[in-house]
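Colleague: Quick note on my numbering: the sequence shown kicks off at 1 and runs consecutively.
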Amino acid sequence: MKLLSLTLLVSLTVVGGELLQVLHMLHQSHVFQYLDADEQVRLTEIVAAAEACKLTALAADLGKDMITSLIVHLPGQAETAATKYIMDHIKSEEDGTCVVEVTAPPPQTTRKHGHGH
1 MKLLSLTLLV
11 SLTVVGGELL
21 QVLHMLHQSH
31 VFQYLDADEQ
41 VRLTEIVAAA
51 EACKLTALAA
61 DLGKDMITSL
71 IVHLPGQAET
81 AATKYIMDHI
91 KSEEDGTCVV
101 EVTAPPPQTT
111 RKHGHGH
């Protein structure tokens with residue numbers, strides 16, 4: 001459990017991770033389980049918006065106070081890590097360095113159909 005928490009904290013400090021990977025780690029974390037259902041949904045929205053370089057727009061829609069009130073409910077080091085994560089993403093959006101990582105689908109292989117003899 002401590003390893004998952006550490007993994008979550010490390011992942012939250014990196015700008016530009018893959019969304020599904022970050023969300024998977026978040027959902028597996030004891031920090032996420034600590035939140036009620038509404039807070040889990042909001043935190044997932046925040047992470048998704050951050051990874052899509054849309055956190056500034058989400059903060060404008062939800063209000064910075066709502067995001068702040070969610071973050072201060074996180075236990076221990078998670079509050080500090082989440083605050084840094086959010087601030088780093090907002091800064092990267094503002095300075096134009098926020099990048100959405102897109103993983104290309106694997107190339108399709110073509111099957112060769114043998115000719116009957």
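Even glycine gets a Cβ: it sits at the ideal position worked out from N, Cα and C. This structure is a prediction, so every number in the text was calculated from the model and none was measured.
(1) Quick one: complete beta strand (DSSP E) runs, 3+ long, within the segment 38-92?
(2) Just the C-alpha distance for Glu-79 and Leu-23, rounded to the nearest angstrom, thanks.
(3) Just tell me which of Val-47, Val-100, Asp-95 and Gln-77 has its CA closest to the CA of Ile-67.
(4) With burial defined as no fewer than 16 other Cβ atoms inside 10 Å of the residue's Cβ, what is the status of Val-100: buried or exposed?
(5) Are the beta-carbon atoms of Pro-75 and Val-31 separated by less than 8 Å?
(6) For Ile-86 and Ala-50, what's the separation of their Cα atoms in angstroms?
(7) For a test of the three-state rule: what should DSSP assign to Val-101, helix, strand or coil?
(8) Contact check, Ile-90 vs Thr-56 under 8 Å by CB: the rounded distance?
(9) In whole angstroms, what is the alpha-carbon distance linking Glu-94 and Asp-88?
(10) What do you reckon, is the C-beta of Ile-46 under 7 Å from a heavy atom of the ligand HEM?
Modeller: According to the structure data:
(1) none
(2) 17 Å
(3) Val-47
(4) exposed
(5) yes
(6) 7 Å
(7) It should be noted that the sequence gives Glu, not Val, for residue 101. The answer is coil: DSSP assigns Glu-101 none of H, G, I, E or B.
(8) 6 Å
(9) 10 Å
(10) This structure lacks the ligand HEM; in fact it carries no ligand of any kind.
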